[in-house]
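*Asks:*
Residue numbers (this note's numbering): 25 to 927.
#1: Along the chain, where does the beta strand (DSSP E) containing residue 792 start, and where does it finish?
#2: Mind checking residue 924: buried by the 16 CB within 10 Å criterion, or exposed?
#3: Which of the three DSSP states, helix, strand or coil, is assigned to residue 613?
#4: Between the C-alpha atoms of residue 154 and residue 214, what's the straight-line distance to the nearest angstrom?
#5: Could you tell me the distance, in whole angstroms, from the CA atom of residue 449 to the CA atom of residue 836?
#6: Got a sec, what are the start and stop residues for the beta strand (DSSP E) residue 918 sits in?
#7: Among 653, 764, 748 and 774, which residue has its Cα nearest to the Cα of residue 714?
#8: Does DSSP put residue 405 in a helix, in a strand, or in coil?
#9: Assuming the contact rule is C-beta atoms closer than 8 Å, residue 58 and residue 505 should be a hit. Round their C-beta distance to whole Å, please.
#10: Residue 779: buried (16+ other C-beta within 10 angstroms of its C-beta) or exposed?
#11: Identify, in the order they occur along the chain, each residue of the same chain with its Cβ nearer than 6 Å to the Cβ of residue 265, setting aside the five sequence neighbours on each side.
#12: Does the Cβ of residue 114 have 16 or more other Cβ atoms within 10 Å, making it buried, or fewer, making it exposed?
#13: Mind checking who residue 837 pairs with in its DSSP beta bridge?
#14: For the candidate residues 231, 842 and 582, whose alpha-carbon lies nearest to that of residue 793?
#15: By a C-beta neighbour count over all protein chains shown, 10 Å radius and 16 as the cutoff for buried, is residue 890 buried or exposed?
#16: Looking at the secondary structure, which residues open and close the alpha helix (DSSP H) in which residue 877 lies?
#17: How big is the Cα-Cα spacing for residue 628 and residue 70?
#18: Between residue 526 and the rest of its own chain, which residues show a CB-CB distance below 7 Å, the 5 nearest in sequence each way excluded?
#19: In the DSSP output, which residue or residues are listed as bridge partners for residue 379?
#20: In whole angstroms, what separates the C-alpha of residue 233 from that of residue 784?
#21: Write down the C-beta distance between residue 323 and residue 297 rounded to the nearest angstrom, noting that I regard them as a contact closer than 8 Å.
#22: Between residue 105 and residue 170, what straight-line distance do the alpha-carbon atoms span, to the nearest angstrom?
#23: Between the C-alpha atoms of residue 15 and residue 848, what's the straight-line distance to the nearest angstrom?
#24: List the endpoints of the continuous beta strand (DSSP E) containing residue 752.
#25: Quick check: what's the CA-CA separation for residue 580 versus residue 594?
#26: Please list, in chain order, all residues of the same chain as residue 511 whose beta carbon is under 6 Å from its beta carbon, the five residues on each side excluded.
#27: If you count every other CB in all the chains shown that lies within 10 Å of the CB of residue 750, and 16 or more means buried, which is it?
#28: Let me know the beta strand (DSSP E) ranges lying completely inside the stretch 487-544, each 3 residues or longer, listed in chain order.
#29: Expressed to the nearest angstrom, what Euclidean distance is found between the alpha-carbon atoms of residue 487 and residue 311?
#30: Spatial neighbours of residue 212 within its chain, please: C-beta separation below 6 Å, excluding the five flanking residues on both sides.
#31: How would you write the range of the alpha helix (DSSP H) that residue 186 sits in, first residue to last?
#32: If I measure Cβ to Cβ from residue 765 and keep anything under 8 Å in the same chain, skipping five residues before and after, which residues do I get?
#33: Do the CB positions of residue 307 and residue 344 come within less than 8 Å of each other?
#34: Would you call the stretch 454-465 in contact with the stretch 389-397, where contact means no fewer than 3 C-beta pairs closer than 8 Å?
#35: Between which residues of its own chain and residue 802 is the CB-CB distance below 8 Å, once the five residues before and five after are set aside?
#36: Within 10 Å of its beta-carbon, does residue 80 have 16 or more other beta-carbons around it, so buried, or fewer, so exposed?
See below:
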């Protein structure tokens with residue numbers, strides 16, 4: 025039985041529990057409406073072309089259902105105290121599926137109350153266990169494990185859960201939070217005895233011991249599961265043997281290589297639980313994703329029921345498309361043209377000044393300032409750490425210059441902050457201590473932040489799913505909201521804001537590949553340390569298990585015994601240290617040399633390019649000079665590591681690698697073990713810095729080379745002038761030098777050479793080659809070839825996310841006039857992950873539509889010779905030189921009818 029309720033109804037508000045403070049309620053009462061904010065945007069854009077249009081996303085009525093009969097009345101009453109009289113229909117459907125013993129993927133919108141479906145079954149089971157007189161029920165209470173991508177989300181969920189259980193120790197707030205139809209009063213004593221806690225890397229030892237001994241509900245993250253709980257599962261046997269439910273929150277977050285790691289951790293968890301006699305169900309909570317059932321199957325290796333029809337109410341939402349204002353780029357005026365204009369007779373002087381669009385970050389700061397002055401509370405989502413800091417600083421400066429009392433209520437939230445800094449910001453967000461917050465994607469996920477009027481997304485966030493998560497932060501609980509998407513200096517952004525049908529199209533499919541050997545091997549190794557690997561484990565790890573175990577035996581990680589494959593206990597490293605779940609190699613600490621204080625952190629992959637010796641590094645608006653970048657023990661430069669020969673597919677003629685292309689394996693990218701040995705604890709790198717006040721800035725340059733290891737797929741066009749390939753490659757990079765620049769115009773001072781190690785990434789690439797006939801047909805001269813290929817590479821990287829679930833930071837590329845392995849002009853696009861991530865393979869199979877979208881983005885750009893919106897790249901290691909926009913248009917036009925796939 026179900027019923028419809030209007031979007032504004034609060035009779036069954038099943039959004040995550042958490043009472044708003046009086047301050048927040050007061051702010052919400054005076055919040056500007058979407059129509060008012062749209063008027064503000066129209067006034068700001070009067071006389072220019074910044075406002076490209078807006079779309080109204082219609083609201084929907086809520087549909088409620090009855091509670092299932094098996095749900096404990098104590099749990100029903102607890103939800104009623106939180107204002108939830110009855111569940112939405114999608115919650116009821118999920119509850120029924122879990123009760124039937126099925127795995128579930130609940131993929132509905134932001135704030136649709138997915139947590140209710142996760143917690144209700146286990147809480148009912150715990151109440152039933154309290155009532156049972158069986159000895160087994162008394163001594164083995166059912167348990168549940170909740171996994172979140174971030175510690176902050178787990179902490180937020182615990183706060184909501186404790187309020188539901190009546191254990192939040194704030195009776196006045198609890199009673200105030202009960203709606204008009206709620207039932208104030210104490211929670212059932214059986215629920216008050218439920219023991220719930222967070223356990224992660226920051227948890228004190230005593231608290232971990234308490235959790236092992238008696239916790240019913242543990243909220244954690246995959247990292248803790250991988251590094252602590254599973255390797256020492258014997259110590260957690262009480263909890264794991266009683267495991268009845270696994271909750272994976274923000275399941276859509278897990279994609280690509282990181283998602284593959286998480287999928288294998290879940291398989292290891294199920295393997296250990298089954299060994300201990302448990303048979304848990306898995307509930308995956310996700311934003312809207314394409315083929316939610318397939319996502320669930322990829323994460324767990326088991327079939328799952330997909331529930332995607334959202335029954336919660338939603339208010340109408342305004343999505344505004346915005347671009348930067350056109351302005352003259354005076355820094356690019358040629359001095360000779362300027363002098364000629366000065367000498368010209370009066371009235372005849374003409375000075376041509378290049379035009380550019382104001383950056384998305386500056387536009388975001390302007391809009392955020394205007395919204396705050398109108399009384400709005402908002403989040404501004406920025407792609408980078410430095411960008412979040414810059415936007416927050418600009419908003420503060422603008423409000424301060426206007427004498428606004430809100431200047432001190434603007435902040436930034438990003439990774440790299442110390443834990444205490446993050447906790448303080450999270451508390452300020454909840455209490456309404458901030459009016460505007462510039463954040464990275466860290467706040468895209470389900471922290472319970474209510475009362476927001478608007479969101480500003482600075483640049484395309486990478487996927488439609490991410491955009492929907494971000495805009496869903498405004499107008500939660502069925503209220504209307506306003507969101508602005510600002511196009512950044514990116515070909516994809518420029519294309520999308522002029523083609524809104526792609527923005528509102530079907531969300532992307534998540535690419536998860538647990539069979540990737542570079543991902544699978546270290547998890548098989550640690551699984552063997554947890555319990556011996558046997559043939560039956562194919563159920564968890566797939567058909568690739570046998571080949572991977574034999575390779576691990578050959579590499580010395582496993583021992584083959586009659587009872588199975590065992591971890592070699594004589595090895596010095598911990599098996600759980602053989603992999604890095606988040607796709608990086610750990611963080612580099614940035615330390616103030618004068619005080620020893622940790623200023624922040626940066627991932628290993630970015631460290632060479634951003635905190636090299638001599639670099640100028642910006643952190644929270646403070647400027648630091650990098651004195652050194654080294655490990656504590658100053659080891660030798662790491663050896664480069666490429667694809668192990670045994671993992672490469674056979675090439676035509678029975679050869680592997682680049683031999684069949686006419687050349688042997690090059691020096692410097694030697695075949696490696698299937699597992700990259702972990703760094704020693706003493707080898708952790710540290711960047712020593714000193715705080716300075718200087719107008720100087722630095723910009724590094726990177727040298728990249730690509731070795732073709734094998735060819736897996738090939739397409740030759742009809743006239744034979746263009747050939748496309750896909751296969752494994754070794755991509756070697758080294759930061760070679762940097763430019764020293766001076767603000768405000770980034771004036772070049774000098775170039776300084778660096779001596780940093782080479783890093784080799786074994787990955788997958790898609791590439792195409794051109795014959796001399798192709799160059800002749802296009803009329804591309806030798807002098808223009810390098811710029812043509814380079815510009816085409818940049819543009820294609822920028823547009824690939826239209827056909828693959830990725831963003832440009834998940835990709836890399838190389839273009840060359842004559843490649844060693846192909847012997848022809850070649851453009852490579854590669855996945856920026858060890859072993860590949862499937863992104864460029866999707867590009868290969870849809871190359872024609874990929875090329876068509878790239879051609880439109882470049883040819884429709886109104887710049888003269890190339891800009892960040894078409895052929896320039898923000899991460900180019902060669903300073904975006906040389907580039908030929910016209911050459912790219914010519915080449916892309918030629919490729920359009922000579923690429924695999926359909927339009």
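Idealized CB from N, CA, C, for every residue including glycine.
*Replies:* Per the coordinate set shown:
#1: Here the beta strand (DSSP E) through residue 792 covers 783-794.
#2: The residue in question, residue 924, is buried, as its Cβ has 16 or more Cβ neighbours within 10 Å.
#3: Here residue 613 carries a strand assignment [DSSP, helix/strand/coil].
#4: Rounded to whole angstroms, residue 154 and residue 214 show a C-alpha spacing of 7 Å.
#5: The straight-line gap from Cα to Cα measures roughly 34 Å.
#6: No beta strand (DSSP E) holds residue 918; the alpha helix (DSSP H) holding it covers 909-920.
#7: Of the residues 653, 764, 748 and 774, the one whose Cα lies closest to the Cα of residue 714 is 653.
#8: If DSSP states are grouped into helix, strand and coil, residue 405 belongs with the strands.
#9: The pair is a contact, with the Cβ atoms about 7 Å apart (cut-off 8 Å).
#10: Counting every other CB atom within 10 Å of its CB across the protein chains shown gives residue 779 a total below 16, marking it as exposed.
#11: When the five nearest sequence neighbours on each side are left out, the beta carbons in the same chain lying within less than 6 Å of the beta carbon of residue 265 are those of 300, 301 and 302, in order along the chain.
#12: Residue 114 should be labelled buried.
#13: According to DSSP, which records beta bridges pairwise, residue 837 is partnered with 853.
#14: Nearest C-alpha to residue 793 among 231, 842 and 582: 842.
#15: By the 10 Å Cβ count, residue 890 comes out buried.
#16: Membership of residue 877 in the alpha helix (DSSP H) is indicated by the continuous run 871-883.
#17: Rounded to the nearest angstrom, the two C-alpha atoms are 45 Å apart.
#18: The residues are 520 and 826.
#19: Paired residue(s): 352.
#20: Between the alpha carbons of residue 233 and residue 784 lies a distance of about 42 Å.
#21: The beta-carbon distance between residue 323 and residue 297, rounded to whole angstroms, is 15 Å. This is too long to meet the 8 Å contact definition.
#22: Going from the Cα of residue 105 to the Cα of residue 170 covers about 23 Å.
#23: Because the chain here runs from 25 to 927, residue 15 falls outside it and cannot be looked at.
#24: It spans 746-766 - the beta strand (DSSP E) in which residue 752 sits, taken as one unbroken run.
#25: Near 10 Å, if we compare the C-alpha coordinates of residue 594 and residue 580.
#26: In chain order, 347, 517, 518 and 521 place their CB closer than 6 Å to the CB of residue 511, counting only its own chain and leaving out the 5 sequence neighbours on each side.
#27: In the assembly as shown, residue 750 is a buried residue. Its beta-carbon has 16 or more other beta-carbons within 10 Å.
#28: As far as the stretch 487-544 is concerned, its whole beta strand (DSSP E) runs of at least 3 residues are 505-510.
#29: Here the alpha carbon of residue 487 sits roughly 12 Å from the alpha carbon of residue 311.
#30: Excluding residues up to 5 positions away in sequence, 98 lie with their Cβ nearer than 6 Å to the Cβ of residue 212 in the same chain.
#31: 175-188 is the extent of the alpha helix (DSSP H) around residue 186.
#32: Excluding residues within five positions, the ones whose Cβ falls inside 8 Å are 720, 721, 722, 723, 771, 772 and 773.
#33: Cβ distance not < 8 Å, so residue 307 and residue 344 don't count as in contact.
#34: A contact exists between the stretch 454-465 and the stretch 389-397.
#35: Closer than 8 Å at the Cβ level, and outside the excluded window around residue 802, lie 914, 915 and 918.
#36: With fewer than 16 other Cβ atoms within 10 Å, it is exposed.
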